[in-house]
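In my numbering, the protein residues as written are 160 to 312.
In this text, a Cβ means the ideal position worked out from N, Cα and C, and glycines have one as well.
Everything numeric in this text was worked out from a predicted model, so none of it was measured.
Reading through the structure tokens given below for one structure.
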Amino acid sequence: MQRPRPTTVAEKTAARDAARADSEVIIQRYHAREPIARIADDYGVTPNWLGQQLVEWGVPRRHRHEAHALRRPTGHVFRGRTRRRSTAEVRAAQAQFTADRADVTARYLDGTSVTTLAREYQVSPVWTAERLDDWGVPRRKRPAHTPTGADPR
């Protein structure tokens, strides 16, 4: 549970002094991969102030994605930046989609979703839906959402 943040100058000073006094405990918690925000909430200080204090105390900062490393496999934490496609590459993918118009239309009418078609041709789902509209393909309605366990009748 989050403590209410101090509002007066005296309360803020007291909270910061308490955090400075417990610097060893804070550093241990930080090295144990506890998020700065959680530690800051416990002491009633802001995460930014606590981060600056850690720098002043000589604690090396960890990368942002390391906080999540314990919860998910490392391969899912950060995959790196992908290269943006050039305009020519996007237009080539759109041209391929348009060239396969008969196949795309038949597959959509057989039940393949707009999103699936867009992924396969590496084009935007919005652009895909607009092309189907331009081609006069009757669009399907989205299924009505029913909460889990609810009777669909």
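Local conformation of residue i per DSSP, three classes
i: Glu193; result: coil
i: Ser272; result: coil
i: Pro297; result: coil
i: Val282; result: coil
i: Arg243; result: coil
Contact check, residue i vs residue j, beta carbons under 9 Å
i: Thr271; j: Tyr280; result: no
i: Tyr202; j: Ala247; result: no
i: Arg221; j: Arg188; result: no
Endpoints, the alpha helix (DSSP H) within which residue i is located
i: Thr257; result: 246 to 258
i: Thr172; result: 168 to 180
i: Gln211; result: 206 to 215
i: Arg221; result: That residue, Arg221, is in no alpha helix (DSSP H); it is neither H nor E in DSSP.
Residue from the options whose Cα sits closest to the Cα of residue i
i: Gln255; options: Ala199, Ala277, Arg175; result: Ala277
i: Ser245; options: Asp200, Val282, Trp294; result: Val282
i: Ala169; options: Ser182, Ile185, Asp200, Val204; result: Val204
i: Glu215; options: Arg266, Ile198, Ile186; result: Ile186
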